[in-house]
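**Q** Chains as they are written, first to last, in this note's numbering: chain A, 159 to 330; chain B, 159 to 330.
Backbone N, C-alpha and C fix where the C-beta goes; we use that ideal spot for every residue, glycine too.
Supplied in structure tokens, the structure appears directly below.
2 protein chains.
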Amino acid sequence: MQTLKTEQVYRGRVLSITKDTVSLPSGRVTIREKVTHPGSVGILPVLENGDLIFVKQFRYVIGSDLLEIPAGTIEEGESPEECATRELLEETGYQAGRLDLLSSFYTSPGYSNEFMWLFKATDLRSGEAKPMADESIEIKVVSLGEALSLIKNGGIRDVKTICAILLYTTAG
Amino acid sequence: MQTLKTEQVYRGRVLSITKDTVSLPSGRVTIREKVTHPGSVGILPVLENGDLIFVKQFRYVIGSDLLEIPAGTIEEGESPEECATRELLEETGYQAGRLDLLSSFYTSPGYSNEFMWLFKATDLRSGEAKPMADESIEIKVVSLGEALSLIKNGGIRDVKTICAILLYTTAG
């Protein structure tokens with residue numbers, strides 16, 4: 159596949175959109191739309207008793223509240239681990255004594271290059287949450303059993319959160 | 159959160175991008191960028207012997223091959239089940255005798271309203287794959303054990319595929 163022409167059609171705060179004209183192996187010429195994303199992290203915080211810490215927040219793009227693990231976008235110059243440490247503290251007030259990579263993956267490889275690193279955070283020390291000025295976040299502590307029920311009954315509708323819980327359940 | 163102004167900054171073949179000016183509960187005014195997506199499906203095809211059918215294809219937006227479950231974007235007027243049936247046939251040549259919903263979720267709720275329905279497809283009848291003119295797809299049949307190893311060793315780097323395998327493992 160060969161790129162014949164590339165055009166940046168939008169450049170925003172976090173996202174930019176490129177519209178490319180590409181030539182396929184068959185010779186056919188077609189369009190590929192691509193969202194360029196700086197990458198992101200998700201963090202599954204596990205308390206000493208095995209309970210999990212979720213956050214509930216209003217997600218503007220879907221127009222409703224969503225129950226999720228803490229997560230965020232990687233800032234320039236940040237490593238995934240640094241981003242995970244920062245986002246966990248900002249959203250929950252917890253500092254992670256230990257981060258273990260659960261998995262890493264593309265979230266929507268059909269149209270976005272967003273790559274996400276998923277961590278398990280343990281040895282947690284509680285402090286004060288420092289949400290960004292435009293975040294309003296409620297903390298929810300749930301047991302693993304409750305989390306699995308929430309996946310089954312549709313109470314969790316966020317793929318990184320489903321994935322984190324299932325990876326933790328199967329891989330520990 | 160109140161929308162003060164909404165501006166469509168890009169309208170493409172599959173995606174459109176809206177840039178909204180919103181007023182937060184605190185009174186602060188900020189920007190929200192939103193990708194509008196028609197929704198999508200992923201299908202985990204399970205053969206009678208328990209083996210899984212994956213597809214390997216070049217993903218332009220990430221610049222490399224990716225091993226995934228069959229998947230696709232919902233077309234206008236299509237139900238998720240109809241889309242799953244069509245995409246499975248197009249990409250693998252298999253017709254599903256039975257579709258069961260494994261889960262449904264947002265893929266990137268920070269910036270996209272894409273909602274995905276994940277199905278398990280069984281009672282499969284093989285036929286001829288009919289990929290779209292701009293798709294070049296290779297079929298890979300793997301055992302559940304191999305699939306779990308591919309998650310662990312990074313051979314699968316696609317969140318819907320990881321999620322589908324783990325849901326199938328834990329929920330059957």
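#1: Whose CA, out of A:E249, A:F273, A:K163, A:G255, lies closest to the CA of Q215 of chain A?
#2: Using a 10 Å radius around the Cβ and a threshold of 16 neighbouring Cβ atoms, would you call N207 of chain A buried or exposed?
#3: Work out the CA separation of E236 of chain B and G251 of chain B for me, nearest whole Å.
#4: Leaving out the 5 sequence neighbours to the left and right, which residues in its chain are closer than 6 Å to S181 of chain A when beta-carbon positions are compared?
#5: Alpha carbon to alpha carbon, what distance is there between I175 of chain B and Y168 of chain B?
#6: Can you confirm whether the stretch 236-247 of chain A touches the stretch 188-199 of chain A when touching is taken to mean that 3 or more C-beta pairs between the two stretches lie within less than 8 Å?
#7: Taking C-alpha atoms, which residue in B:K318, B:A322, B:F277 lies nearest to F263 of chain A?
#8: Is there at least one Cβ from chain B nearer than 8 Å to E191 of chain A's Cβ?
#9: Between which two residues does the beta strand (DSSP E) carrying E296 of chain A extend?
#10: For E269 of chain B, which residues of its own chain have a beta-carbon under 8 Å away from its beta-carbon, when the five flanking residues on both sides are left out?
#11: Measure the Cβ-Cβ separation of I309 of chain A and I320 of chain A and say whether it is below 8 Å.
#12: Which partner residues of T252 of chain B appear in the DSSP bridge assignment?
#13: Is A305 of chain A near L260 of chain A, with beta carbons less than 8 Å apart?
#14: Below 8 Å CB to CB, which residues in the same chain sit around S301 of chain B once its five sequence neighbours on both sides are set aside?
#15: Measure from the alpha carbon of D178 of chain A to the alpha carbon of each residue in A:L205, A:E165, A:G285, A:S184, then state which is nearest.
#16: Please state the DSSP three-state secondary structure of G303 of chain A.
#17: Taking its Cβ as the centre, do 16 or more other Cβ atoms sit within 10 Å of D108 of chain B, making it buried, or is it exposed?
#18: Bridge partners for R244 of chain B per DSSP, in chain order?
#19: Are P267 of chain B and I220 of chain A close, meaning C-beta to C-beta below 8 Å?
#20: When you compare the CB of C241 of chain A with every CB in chain B, is at least one pair closer than 8 Å?
#21: What three-state label does DSSP hand L162 of chain B in the structure shown?
#22: If you measure from the beta carbon of D316 of chain A to each beta carbon in chain B, is any gap under 8 Å?
#23: With 16 other CB atoms within 10 Å as the buried threshold, where does P203 of chain B fall?
#24: With a threshold of 8 Å between beta carbons, is R244 of chain A in contact with chain B?
#25: Measuring alpha carbon to alpha carbon, tell me which of B:G255, B:R244, B:T327 ends up nearest E233 of chain B.
#26: Does the distance from the C-beta atom of L324 of chain B to that of T328 of chain A stay below 8 Å?
#27: Restricting to Cα atoms, I'd like to know which of B:L173, B:S222, B:S184, B:L257 is closest to S294 of chain B.
#28: Using DSSP bridges, identify the partner residues of L202 of chain A.
#29: Y218 of chain A touches chain B at which residues, Cβ-Cβ below 8 Å?
#30: Given 7 Å as the limit, tell me if T179 of chain A has its C-beta closer than that to any heavy atom belonging to the ligand ADP.
#31: Quick check: what's the CA-CA separation for K278 of chain B versus S184 of chain B?
#32: Tell whether a beta-carbon distance below 8 Å holds between A242 of chain A and L257 of chain A.
#33: Based on Cα-Cα distance, which residue from B:E272, B:P228, B:L247 lies nearest to G285 of chain B?
#34: Apart from the five residues just before and just after N271 of chain B, which ones in its own chain have a Cβ nearer than 8 Å to its Cβ?
#35: Sort out for me which residues DSSP pairs T179 of chain A with in a bridge.
**A** Here's the rundown:
#1: A:E249
#2: exposed
#3: 19 Å
#4: Q160, L162, V187
#5: The alpha-carbon atoms of Y168 of chain B and I175 of chain B are separated by roughly 5 Å.
#6: yes
#7: The shortest Cα separation from F263 of chain A among B:K318, B:A322, B:F277 belongs to B:K318.
#8: yes
#9: 295-300
#10: The question names Glu, but residue 269 of chain B is Tyr in the sequence shown. So the qualifying residues of the chain are E191, K192, V193.
#11: yes
#12: Correcting the residue type first, residue 252 of chain B is Tyr in the shown sequence and not Thr. Per DSSP, B:S284.
#13: no
#14: G208, D209, L210
#15: A:E165
#16: helix
#17: Since the first residue of chain B shown is 159 and the last is 330, residue 108 of chain B is not available in this structure.
#18: R244 of chain B is not bridged to any residue.
#19: yes
#20: no
#21: strand
#22: Yes, its Cβ sits closer than 8 Å to a Cβ of chain B.
#23: buried
#24: no
#25: B:R244
#26: yes
#27: B:S222
#28: Beta-bridge pairing links L202 of chain A to A:K278.
#29: M159, D178, V180, R190, K192
#30: The ligand ADP is not part of the structure shown, which contains no ligands of any sort.
#31: 44 Å
#32: yes
#33: Checking every option, the nearest Cα to that of G285 of chain B belongs to B:L247.
#34: K192, V193, T194, H195, Y264
#35: A:K163, A:I189
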